[in-house]
Amino acid sequence: MARRENRYKKLCEAYDLGIKECNNYQQECRDFVHELKNSIVESLGCPETKVFLFPPSTGFIRESGHLHGDEFDTEFGENGTAAIGFAINVNGKSLEEKFFTFLIVFKKTGSKIIFSVDDNKEFKNTPEGVKEFCDYLYKEAEKNLLERLKNFLQSPEDAAKPIGFRMASETANKK
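Residue 226 is where the sequence shown starts when you use the numbering used here, and the numbers rise one by one after that.
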């Protein structure tokens, strides 16, 4: 009978060790997300209140004029990958819906965390890798936001236009 109790005790210990290792892994990932957010804020030179985190499964949701989210919104897959959504308020004056959003998918491999933006390009969580990521993010965000303006300006004149923009022909017709 003593042998079976030892085996049972070993199973309990193995379970406890597995839970402890999972918790440590999740905390390490959350620490990475927190550090990455701080690096983005520093790289962009924007207030911390302009960068938000959100769970990828729900997407970015702005509820009743306030936003919330932190590293605990990180979602974990069964294969050790994790993901977090970022939203940067690109309206410097208010919380109007002017956001640039993206997902970071990452996984610890060896002693490093490998991460990518929307699965396009991989980076490592080294100081050089995070700087390279921040530079890449800025260029991609700027390109994306300018592309939106270009698409708007090239859209047909009869398409519905957002408030604040007038087509040249509309202005000419009103004179």
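Beta carbons: idealized from backbone N, C-alpha and C, even for Gly.
Residue burial classification, residue i (beta-carbon count within 10 angstroms, cutoff 16)
{"i": "Ile286", "result": "exposed"}
{"i": "Cys247", "result": "exposed"}
{"i": "Ile244", "result": "exposed"}
{"i": "Lys470", "result": "Nothing can be reported for residue 470, as the shown portion of the chain is limited to 226 through 400."}
{"i": "Gly310", "result": "buried"}
{"i": "Cys254", "result": "buried"}
{"i": "Asp298", "result": "buried"}
{"i": "Ala312", "result": "buried"}
{"i": "Leu420", "result": "There is no way to answer for residue 420, as the model of the chain reaches only from 226 to 400."}
{"i": "Lys235", "result": "exposed"}
{"i": "Asn350", "result": "buried"}
Under 8 angstroms between C-beta atoms of residue i and residue j
{"i": "Phe327", "j": "Val342", "result": "yes"}
{"i": "Ser282", "j": "Glu303", "result": "no"}
{"i": "Ser331", "j": "Ala307", "result": "Checking the sequence shown, residue 331 turns out to be Phe, not Ser. Yes, the pair counts as a contact, with Cβ atoms nearer than the cut-off."}
{"i": "Glu230", "j": "His259", "result": "no"}
{"i": "Tyr361", "j": "Lys375", "result": "no"}
{"i": "Tyr250", "j": "Lys333", "result": "yes"}
{"i": "Tyr363", "j": "Ser268", "result": "yes"}
{"i": "Phe257", "j": "Ile338", "result": "yes"}
DSSP bridge partner residues for residue i (one or two, in chain order)
{"i": "Leu278", "result": "Phe311"}
{"i": "Ser341", "result": "Val330 and Glu347"}
{"i": "Glu300", "result": "Ala308"}
{"i": "Phe324", "result": "Asn314"}
Chain D contact for residue i (CB, 8 angstroms cutoff)
{"i": "Asn345", "result": "The structure shown contains no chain D; it holds only a single protein chain."}
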